[in-house]
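All the letters of the sequence shown, read from the start, carry residue numbers 1 to 237 under the working numbering.
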Amino acid sequence: MSSSCSICTIRTAPDGSYACPLHADELRGWLTELPRQARLLEAFVAPAGRPTQGRAGGTGLAHAPVPVDLRVLALLGPGHLDPPAGHDDDTVPILAWLDGWAGYIAYTYPAVTRDRHGTAHIQPCEQAWPAHGATIASWCAWLTAYIPYALAHPWIADLHRQLDTLLARIRDLTHATPHRHDYAAPCPACQAFALAAVDGQHGITCQACGHHLEPAQYDQHSARFLEGLQAKPGRAA
Ligand SMILES: [Zn+2]
Ligand SMILES: [Zn+2]
């Protein structure tokens, strides 16, 4: 039975899912964006160029250390999170957020084991290990792989809201906002010329009515739209 998206409460979520295709796609896009944003943050903390050698008469230090925004250090620092409620106090660091959610998902994800009599036992898989060590990129890849599982739970709305807040804090410092690309064909649902895609997101969304298209669906739709234009009387040469 399909119901409304627990994130926007307007669009319909597919059977067994608590999020509409637009918001599921947005989550995947954000998990792709997060490692890129984190690298930009890390660049603020890295030494800004090597001290020039020899010119300063052997004092050793050519530049005073660049002061780093405390908000950057807080985002890259240690911390702890208890999903799904988590912190809504806007201070949780990136790794703590990822680690907290991966741990929560792993704990609720049913692992089926069989004992020596062949009886199946369902228990939570206690720990989450990303494939390439606990980096921001590997945690994001791990969470992306578990999105289909996460979408089947109402706490997907908490995860979405918290990731939205976290990325807003980071973008505020990096000033790197994903670009929007406009598409030429009108929306098949409301006919407005408002279809657009955002960097890192797979699908195309109408900015007027929120209708969501997969890229292949858009290709078919725009081909039909073009055929329609060319078939209009008086247009042919
Ligand atoms: Zn939605
Ligand atoms: Zn539309």
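Cβ atoms here follow ideal geometry from the backbone N, Cα and C, with glycine treated the same way.
Going down the chain, each residue whose beta-carbon is closer than 6 Å to a heavy atom of ligand 1 shows up: 5, 7, 8, 11, 19, 20, 22 and 23. Setting aside the 5 residues that flank it on each side, residue 20 is surrounded in the same chain by 5, 11 and 13, each with a C-beta closer than 6 Å to its C-beta; the list follows chain order. Within the model, the alpha-carbon separation for residue 42 versus residue 194 is close to 36 Å.
Of the heavy atoms belonging to ligand 2, none sits nearer than 7 Å to the Cβ of residue 212. A direct Cα-Cα distance of roughly 7 Å separates residue 166 from residue 90.
In the three-state scheme derived from DSSP, where H, G and I count as helix and E and B as strand, residue 174 is classed as helix.
Boundaries of the beta strand (DSSP E) harbouring residue 206: 204–206, taken from the DSSP string.
The beta carbon of residue 190 sits closer than 7 Å to at least one heavy atom of ligand 2.
Excluding sequence positions up to five before and after residue 182, its CB lies within less than 6 Å of the CB of 196, all in the same chain and listed in chain order. It is roughly 43 Å from the alpha-carbon of residue 147 to the alpha-carbon of residue 231. When DSSP states are grouped into helix, strand and coil, residue 119 belongs to the coil group.
For residue 9, the number of other beta carbons within 10 angstroms of its own is below 16, and it is reported as exposed.
One Cα belongs to residue 223, the other to residue 191, and the distance between them is close to 15 Å. Excluding its 5 nearest sequence neighbours in each direction, residue 68 has C-beta neighbours in its own chain below 7 Å: 44 and 45, listed in chain order.
Going by C-alpha positions, residue 29 is about 23 Å away from residue 189. Residue 166 carries a helical assignment under DSSP once its states are collapsed to helix, strand and coil.
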